[in-house]
C-alpha cells in the first residue's frame with residue numbers, strides 16, 4: 031500500500047511539470063497544451079493494454095521494468111533541454127515554506143476515502159472498517175479548506191489557495207476537469223474489459239481496437255489546440271467535446287455480447303473525438319481567470335483535481351460493476367461455472383480472470399458475458415450521467431476569447447495574450463492574460 035501511494039504521487043509529477051512549463055508559453059500555450067493533452071491521453075489509453083500484453087506474454091514485472099529505460103531517457107532529455115529559472119532558495123527555507131499541513135491532510139483524506147470506497151465494494155458497506163474509513167476521509171476533506179485558510183492568513187503558501195475557487199468560472203473549469211477525468215480513466219479501464227471478456231478478444235487485438243479511441247483523440251487534441259491558438263475561441267471546442275463525449279459514452283451502454291466490432295469501434299471514435307479538446311480547454315479557461323502570481327498553484331490544482339477524480343471515478347465504476355454483478359451470480363452458478371470462479375467474478379477480480387473465463391465452455395461463456403455486459407452497462411450509464419454534469423458545469427465558465435497582442439514589441443519580444451470578455455463586451459479590449467517579456 032505504501033509503495034503504491036509513493037508511485038501514484040511521483041508518477042503524476044511529469045504531468046504537473048509539463049503543465050507548469052506550458053504556463054510560461056503565452057503566445058502558443060493552447061497549441062502546446064493540446065500536444066501535452068494528446069500525449070497524456072494516448073499513454074493513459076494504451077498503457078493498461080500494454081500492461082495486459084506484458085502480463086500475458088512475458089511477466090507482470092515487465093509492467094515496471096519497461097519504465098526504467100523510458101524514465102532514464104526522459105531524465106537525460108530534460109536535463110539537457112529544460113531550462114527553468116531557479117532562484118536558488120536555501121534548502122531549509124524552501125522546506126519550511128512548503129504547506130506540509132495541507133499536503134498531509136489532502137493525502138490522508140484521499141487515501142482513506144478511496145480505500146473506504148474500494149473496501150465497501152468488496153465487503154459490506156455496514157462493516158465498521160468501511161464506515162470508519164469513509165467518515166475519517168470525509169472529515170479530512172472538510173478539514174483541508176481550513177488548513178488552506180490558515181496558511182493563507184498566516185503568510186504561508188497554500189497548495190490550493192481558496193481564492194482560486196471564489197471565481198465562478200474557475201470553480202466551473204475545475205468541475206469540468208473533475209468530471210472529464212472521472213470519465214476518461216474509467217473508460218480506459220472498462221473498455222478493454224469489454225473487449226476481452228464480452229467480445230472475447232485477446233490483449234493484442236484489444237490494443238489495436240483501442241487505437242479507435244487514441245487516434246481520433248490525438249488528432250482532435252492537436253487540431254483543437256492549433257485552432258484555439260489561432261482563433262482564441264476555446265469554449266466552443268470544450269462544450270462541443272463534452273456533448274460528443276456524452277453521446278459516445280451513452281452509446282457504449284447499448285452494446286451487447288452480439289454487437290459487431292464496427293459498432294463498438296464507431297462508439298470509440300466518437301468518444302475519442304469528444305475527449306480531444308476536453309484535456310486542455312478547461313486549463314485554458316482556468317488560466318484566463320487567475321493572476322500571474324497564482325498561475326503555478328492554479329495549474330497544480332488543475333493537475334491534482336484530474337488525478338484525484340480519475341482515481342475516484344475508477345473506484346466508483348468498480349463499485350457499480352460489482353454491485354450489478356452480484357445479481358448475476360445465481361445464473362452463472364446455474365450454468366456450471368465453478369463456485370470459486372463465479373464468486374471472484376462477482377467480487378471484481380475480472381481483470382485477473384480473463385484467461386480463466388476463456389477456458390469455460392461456450393454455454394458458460396455466454397452466461398458470463400451476458401452478466402458482464404449488464405454490469406458494464408450500468409457503469410457506462412453512470413458515466414454518461416457524469417458527462418451530462420460536465421456539460422452543465424461548462425455553462426458556468428466565463429466565455430472569453432484569447433487575442434494575440436503583437437503591438438508595441440520588438441522583433442525578439444514574446445507575444446502577449448489578451449482576454450476579451452465575450453459575454454459583457456464583445457468589442458472591448460480585454461485584460462492581459464500573459465506576461466509581456
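In the working numbering, the protein residues as written are 31 to 467.
Glycine is no exception: its CB is placed at the ideal position from the N, C-alpha and C atoms.
Because the structure is a prediction, the values reported are computed rather than measured.
| Asked | Found |
| --- | --- |
| CA-CA distance, residue 142 and residue 332? | 21 angstroms |
| Return the CA-CA distance between residue 393 and residue 89, expressed in angstroms with no decimal places. | 31 angstroms |
| Please report how far the alpha carbon of residue 363 lies from the alpha carbon of residue 375, in whole angstroms. | 11 angstroms |
| Would you call the stretch 120-130 and the stretch 102-109 touching, i.e. three or more CB-CB distances under 8 angstroms? | no |
| Quick check on DSSP: helix, strand or coil for residue 367? | coil |
| When DSSP labels each residue in this structure, what does residue 431 get in the three-state scheme? | strand |
| Just to confirm, is the Cβ distance from residue 295 to residue 242 under 8 angstroms? | yes |
| Taking the straight line between their C-alpha atoms, what separation do you get for residue 98 and residue 92? | 10 angstroms |
| Using C-beta distances below 8 angstroms, list every residue in its chain close to residue 293, excluding the 5 sequence neighbours before and after it, in chain order. | 285 |
| Tell me the start and end of each unbroken alpha helix (DSSP H) in the stretch 215-292 that is at least 4 residues and wholly inside, in chain order. | 233-261, 265-282 |
| Would you decide whether residue 113 is buried or exposed? Buried here means 16 or more other CB atoms lie within 10 Å of its CB. | exposed |
| Rounding to the nearest angstrom, what Cα-Cα distance links residue 213 and residue 119 in this structure? | 40 angstroms |
| When burial is assigned at 16 or more other CB atoms within 10 Å of the CB, is residue 37 buried or exposed? | Since pLDDT at residue 37 reaches only 48, below the 50 mark, its modelled position is unreliable, and the value read off the structure follows with that caveat. Counting Cβ neighbours within 10 Å, residue 37 comes out exposed, since fewer than 16 surround it. |
| Note the first and the last residue of the continuous alpha helix (DSSP H) segment covering residue 157. | That residue, residue 157, is in no alpha helix (DSSP H); it is neither H nor E in DSSP. |
| Would you report the Cα separation of residue 94 and residue 84, rounded to the nearest angstrom? | 10 angstroms |
| For the stretch 330-350 and the stretch 184-196, state whether three or more C-beta atom pairs, one from each stretch, are separated by less than 8 angstroms. | yes |
| Here's a check: name, in chain order, each residue in its chain whose Cβ is nearer than 6 angstroms to the Cβ of residue 148, leaving out the five neighbours to either side. | 345 |
| Can you give the Cα-Cα distance for residue 418 and residue 411, rounded to whole angstroms? | 11 angstroms |
| Helix, strand or coil for residue 469 per DSSP? | Because the chain here runs from 31 to 467, residue 469 falls outside it and cannot be looked at. |
| If you count every other CB in all the chains shown that lies within 10 Å of the CB of residue 159, and 16 or more means buried, which is it? | exposed |
| I need the boundaries of the alpha helix (DSSP H) containing residue 401, first residue and last residue. | 392-424 |
| Measuring alpha carbon to alpha carbon, tell me which of 423, 366, 216, 172 ends up nearest residue 341. | 216 |
| Using alpha carbons as the reference points, say which of 268, 186, 229, 140 lies closest to residue 422. | 268 |
| Cutting at 7 angstroms between CB atoms, please list the residues of its own chain near residue 191, excluding the five before and the five after it. | 178, 182, 324, 327 |
| Can you tell me where the alpha helix (DSSP H) with residue 123 in it begins and where it stops? | 121-127 |
| Quick check: the Cα distance between residue 259 and residue 338, rounded to an integer number of angstroms? | 29 angstroms |
| Do residue 274 and residue 245 have their beta-carbon atoms positioned less than 8 angstroms apart in this structure? | no |
| Can you look up residue 88 in the DSSP assignment and give me helix, strand or coil? | coil |
| Return yes when the Cβ of residue 308 is within less than 8 angstroms of the Cβ of residue 262, no when it is not. | no |
| Could you give the first and the last residue of the continuous alpha helix (DSSP H) run that contains residue 344? | 325-355 |
| Are the beta-carbon atoms belonging to residue 359 and residue 372 less than 8 angstroms from one another? | yes |
| Give me the Cα-Cα distance between residue 287 and residue 169, rounded to the nearest whole angstrom. | 43 angstroms |
| In whole angstroms, what separates the C-alpha of residue 291 from that of residue 403? | 15 angstroms |
| Give me the residue from 140, 425, 348 with the minimum Cα distance to residue 171. | 140 |
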